[in-house]
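Chains as they are written, first to last, in my numbering: chain A, 107 to 395; chain B, 107 to 395; chain C, 71 to 445; chain D, 71 to 445.
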Amino acid sequence: MAIIIDENTNVLVQGITGNQGVFHTKQMLAYGTKIVAGVTPGKGGNVVEGVPVYNSVREACENHRIDASVLFIPAPFTKDAAFESLEAGVGVVVVVTEGVPVHDETAIVAYAKRKGAIVLGPNTFGIVSSGKCKMGIPPNQYFVEGNVGVVARSGTLTYEITGSLTANGLGQSTVVGMGGDRVVGLTFIDVLRMFEKDPQTEAVVLIGEIGGNAEETASEYIKEMTKPVVAFIAGKSAPPGKRMGHAGAIIERGKGTYKGKVEALTEAGAKVAALPFEVPAIVKEVLGK
Amino acid sequence: MAIIIDENTNVLVQGITGNQGVFHTKQMLAYGTKIVAGVTPGKGGNVVEGVPVYNSVREACENHRIDASVLFIPAPFTKDAAFESLEAGVGVVVVVTEGVPVHDETAIVAYAKRKGAIVLGPNTFGIVSSGKCKMGIPPNQYFVEGNVGVVARSGTLTYEITGSLTANGLGQSTVVGMGGDRVVGLTFIDVLRMFEKDPQTEAVVLIGEIGGNAEETASEYIKEMTKPVVAFIAGKSAPPGKRMGHAGAIIERGKGTYKGKVEALTEAGAKVAALPFEVPAIVKEVLGK
Amino acid sequence: MKMFEYMGKELFAQFGLPVPKGRMVTDPDEAAKVAAEIGGSVVIKSQVLIGKRGKAGGIKFADNPEGAKAAAEEILGMTIQGLPVNILLVEEKLKIDKELYMSITVDGAAKAPVLIASAYGGMDIEEQPEEYIIKRHIDPELGMQAFIARDVVRKMGFPLNTPHGKQIVKIIQVLYKIFIEKDAELVEINPLVFSDDKVIAADSKVTIDDDAMFRRKELPYVEERSATEKAAKDLGLSYVDLDGEDIAVMANGAGITMGTLDTIEHFGGTPANFLDCGGGTGREATGKALEILFGLNPKVVFVNIFGGITRCDDVAGAVADVYKARGGFPVPLVIRLVGTNQEAGRAILEEIGVEAYDFMEDGAKRAVDISKGQA
Amino acid sequence: MKMFEYMGKELFAQFGLPVPKGRMVTDPDEAAKVAAEIGGSVVIKSQVLIGKRGKAGGIKFADNPEGAKAAAEEILGMTIQGLPVNILLVEEKLKIDKELYMSITVDGAAKAPVLIASAYGGMDIEEQPEEYIIKRHIDPELGMQAFIARDVVRKMGFPLNTPHGKQIVKIIQVLYKIFIEKDAELVEINPLVFSDDKVIAADSKVTIDDDAMFRRKELPYVEERSATEKAAKDLGLSYVDLDGEDIAVMANGAGITMGTLDTIEHFGGTPANFLDCGGGTGREATGKALEILFGLNPKVVFVNIFGGITRCDDVAGAVADVYKARGGFPVPLVIRLVGTNQEAGRAILEEIGVEAYDFMEDGAKRAVDISKGQA
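Encoded structure:
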């Protein structure tokens, strides 16, 4: 099982002929990802690491079944590329690109909603259904199959925690990067619901951050979950971020603090690790290992 | 039963304080329509024919359950008014207005699709679930409850045929005006599906026109229907309409003729009346009366 | 509203679409002047709102200003399919390496704009086999994104990384922008030509949505209507001239008008024209509309009213007004009148000795009989 | 990018939003000149990119040009929350009958723009009870339709058919247009004032999305960064100054940086700053980034790398480059280095006698110990 992607997922790489595209195509193939096609407009007919390149997503779809697409596309063109996959009916779109304008992000997410598609990112490390399929940029070696679901916003901290899970014998079902930007496709609660339904997943690690209220909202759902949730919230000691005029204050109204998040999660029955390296021990504990 | 609207439908009138709004509110109330609210921006707090007037659809929705809205709004403001009802979650929007720009019509229909709402019109006479609820402008006296469903594009010809049905003792379940414009919310096939499912409807009268290919498409569905369909296609002798450059010819590719439509309908098992006044006799025949 | 070719090209140029050098002129001397400005060979094109002007001799070439003047003299004053030529477009003669087709219109069945493109454009576009014609519907909420334009170019069979490919991608996006921002029903370029490494709109066909003209005041206005159509339009009605000569028809609504024509033809009559007075036309306007029909000298006028918003007393009043003003009808008038305020209407007609029919078929048959001298 | 008030108002004026008469000035004589042009009473406002300047004395009134000059002299050169005042805005003093609040920003949780409005604006807006604050999310595919603006005005409690009501409806639509077309993260008017029958933007707060600046070249550029922040930005990295003084932190990625700070504080250390070098920064840039940190004189530098795209050999190479160029480190450097090309990186570090930690917590503890003189 695992969620969102698995060993049967046919993957498209958009921007496959760029430096990042070539490098990560190689890495993903090495991980075992079924990359069936790539797209770079004007480069159709080429082959990258054995993968055929097309001029458009529709052309790729005329020649292959495409289940999911991962984008290595410069920020100014990311909206167009994401729209292209969504319009062609691709069900999972992983947007690695950093620095996408926020209005473009909003547009991508709105269109994905209309098309009933899942968007990870922008600014995500991607997603790994450990041992089956990797889409994105995480280093291959830390992702080993197992029963812990991981959901996070930022990349390196996730590698850090996933690496320590793996080092402690705790493999993962799926590790989901929702993306670090202000507007991204999924929220914690969306992913938690999927893990709750996934037979492979026995516990979930939620890696949150200060700001926003996604962790508080997720807590409402955690109360209903049958599977244990272990959380780490980064930013306990971080300085307050830049404020969006009065508007930011009015929207947040005091939500988004470290303390508020930890309280909400704890109250919902999640175990909150004070530091990243405490996570594996707590996961073992909740799994009774 | 009946389709789309019935005696329990709570109706809103947008543009209720204008001449047309006032006149037809009176007529609809006289027919028995449950008009619970009206909207005219800036005229909130007034009362028209006993109906409270609000400043916005949301305000009306805060005070009443609104199931359907009928618009008596000048063409330049029709898109905004239709969007307003759709955004507020109103499920049936009847746009009587003539002369709405075609791009506005496209926008209204696209948004309605996204919101899962039914749009009748623009440029429709409206809809009558005979004996229960009338939304729009048809004269009250010709619409009497019965078992014939009627679906049409243009108004007066529908009154003509419905009037002759009534005069021949054939009442109607629902008479649906899809609207006479190039882009409207429903197609024949949508309405035929509803009539097929409606227990009250025993036969359907389809009033078509030359041009487009809605009747040909509907024929495909008529083949599957268990209920008899009687059709009249207007425009046998009409001159060719204005052509949209080569584009029009390319889209139509010879479809849309009187002959083609009659053949498609006949082949699908529908009975086609050569003239409007022949319809009632054929309906009686197919109903075995 | 159809725009003349030169207007469409001016619009294209405003939005940055490449068009040939040239200008609209209305007399031969101007034509010579523009040809001199352009230098080299030019084309002189009649500006009329119908197609096939080339076959009718409405397009000529010239190699110098004198030639341009002579060609302009020849074309000006020509009549193409009944339309006199008063305007010319004088343009550089393009080197044409290839002709494509490109248009955007509204597809009513799909309820969305549709882009139509072909690598095989020109006069024979309608005869091209389906597989050479690319049709791409545009989600109105998504609009014309760059990827759609690229995919259409790919489907047309052109490489994306050539100058031609890149220009077509741009042209598609700009054409859609014009289509939306100018409330067009149709924007068509046929042919869109390859001229060395340039891609140029060699013709233009732009139709603006009449219903959107209220917000398109910046556009030039083109009068396409005949005097009678215009008189009807001024009353808020629509008039259509038909091939027959016998029966003038007035009815209220497009559908019932078509049904009325069908019924007349069923009984062997030939409608000369029709006037659609749907949507609650008042007494005065209805009277004026009747005057329009009488003015066209039909053998009989058939008025077919099924009153909804339209009130029978208004229609009858109008009939009576015309009758009284003229001291009778110049040709026979047959009227079928039912619906809203029917009794009041009948009473008014009785005063002037006119009897109304209850059923369309009876009235239509009577009108046909009169038109054939059988009454 | 935050815009100065006067820039935001210039933007408002471009789009037709009503703003007070006035102009930006940078010296007292100009201030007097603008005051003379305006005539009557004026307000002299310090232009700084933070709030609460009024309470700090950064806003003064004057009744004539001399007074304006004096006020300008007083404000110019002031320091407000650490920021020197170099620019002033001299404006007509508005008659203020009522203060409203109006803004549009992106609500990340809702994944959509949100319009926030209140009939009770001004300095205390954040303290207003929830029921006085109207929040309306805007479907990005639908945009700001007129009906939404009208409904917000209705919710604010203003009649729609008054001059004030009509102006606010217009202002809401224009504000959204600016928000979208200028790639703003925030457009805020506080207060939006009733001045007789006019509605005027008495202040402006506009923040442009940094990520969209590549397509907003038409906007003025405002440098908000300190010299260090700018040096880091030029390397494509982000630097943040913190309250502590002891430990300079370099880590790769926002999340791991936060986790590192948390861990340092957990062991009782105080981070002075951090540099996020995520996303595959190369050897040269990493070296320059290290130089930036050493240049700030911390007690210790802690480098925490979990290599993904970032390659351990690049980071180690950069450390070695700096070591060799300087002939040693000016302050101790603690490094934790795991991930991509870990072995190659370790080998490079060994050459200069630096030992890397395997675990963040061990490295962090060591750095804290050094910073406290406990090593």
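Using N, Cα and C, we set each Cβ at its ideal position, and we do this for glycine too.
Residue i: buried (16+ other C-beta within 10 angstroms of its C-beta) or exposed?
i              : result
K348 (chain A) : A caution first: K348 (chain A) carries a pLDDT of 47, below 50, which makes its placement in the model too unreliable to give a value.
I166 (chain D) : exposed
M300 (chain B) : buried
M107 (chain B) : exposed
F264 (chain C) : buried
Q237 (chain D) : buried
F284 (chain D) : exposed
R288 (chain A) : buried
G150 (chain A) : buried
R381 (chain D) : buried
Excluding the 5 residues preceding and the 5 following residue i in the sequence, name in chain order all residues of the same chain whose CB lies nearer than 6 Å to its CB.
i              : result
I375 (chain D) : N322, V385, L407
V89 (chain D)  : K79, F82, A83, A271
E190 (chain B) : V163
V145 (chain A) : Q120, Y160, V163, A166
G348 (chain C) : N322, G323
Leaving out five residues before and five after residue i in sequence, what residues of the same chain have Cβ atoms less than 8 Å from its Cβ?
i              : result
T203 (chain A) : L177, F178, I179, P180, A181, T184, G227, P228, N229
I242 (chain C) : M172, L185, A187, M214, I218, A219, V222, V223
Starting from the C-beta of residue i, find all residues in its chain whose C-beta is less than 7 Å away, skip the five residues before and the five after it, and write them out in chain order.
i              : result
S274 (chain D) : E75, G78, K79, F82, I259
L363 (chain D) : A318, M320, L345, V371
K221 (chain B) : L192
A180 (chain C) : H207
Reducing DSSP to helix, strand and coil, say where residue i ends up.
i              : result
Y76 (chain D)  : helix
E255 (chain C) : strand
T96 (chain C)  : coil
Y171 (chain D) : strand
T351 (chain D) : coil
G329 (chain C) : helix
S296 (chain D) : coil
A271 (chain C) : strand
H130 (chain B) : helix
V374 (chain C) : According to the sequence displayed, residue 374 (chain C) carries Asn and not Val. In this structure, N374 (chain C) counts as strand in the three-state DSSP scheme.
R349 (chain A) : Interpretation of R349 (chain A) is limited by its pLDDT of 46, a score under 50 that renders its predicted location unreliable; the figure taken from the coordinates is listed afterwards. R349 (chain A): coil per DSSP, three-state reduction.
M430 (chain D) : helix
S162 (chain A) : coil
G398 (chain D) : coil
Does the beta carbon of residue i sit closer than 8 Å to a beta carbon anywhere in chain F?
i              : result
P182 (chain B) : The chain inventory of the structure shown lacks chain F, comprising the protein chains A, B, C and D.
Check whether the Cβ atoms of residue i and residue j lie closer than 8 Å to each other.
i              : j              : result
L403 (chain D) : V438 (chain D) : no
M241 (chain B) : T139 (chain B) : yes
V257 (chain C) : V276 (chain C) : yes
V385 (chain A) : I233 (chain A) : no
M331 (chain A) : E308 (chain A) : no
A414 (chain C) : D391 (chain C) : no
I111 (chain B) : A187 (chain B) : no
L158 (chain D) : A142 (chain D) : yes
I328 (chain A) : A376 (chain A) : yes
Inset, instruction - Determine, using beta-carbon pairs with one atom in the region 305-318 of chain B and one in the region 246-263 of chain B, whether at least three such pairs fall under 8 Å. - result: yes
Inset, instruction - Pair every Cβ in the region 159-174 of chain B with every Cβ in the region 130-139 of chain B, then say whether three or more of these pairs are closer than 8 Å. - result: no
Inset, instruction - Pair every Cβ in the region 324-343 of chain B with every Cβ in the region 366-373 of chain B, then say whether three or more of these pairs are closer than 8 Å. - result: yes
Legend entry - the region 112-130 of chain B / the region 386-394 of chain A touching (three or more Cβ pairs under 8 Å): no
Legend entry - Three CB pairs or more closer than 8 Å across the region 309-317 of chain C and the region 105-120 of chain C: Put simply, the region 309-317 of chain C does not touch the region 105-120 of chain C. Fewer than three CB pairs are less than 8 Å apart.
Legend entry - Contact between the region 148-163 of chain C and the region 116-128 of chain C (3+ Cβ pairs under 8 Å): Verdict: yes, contact present.
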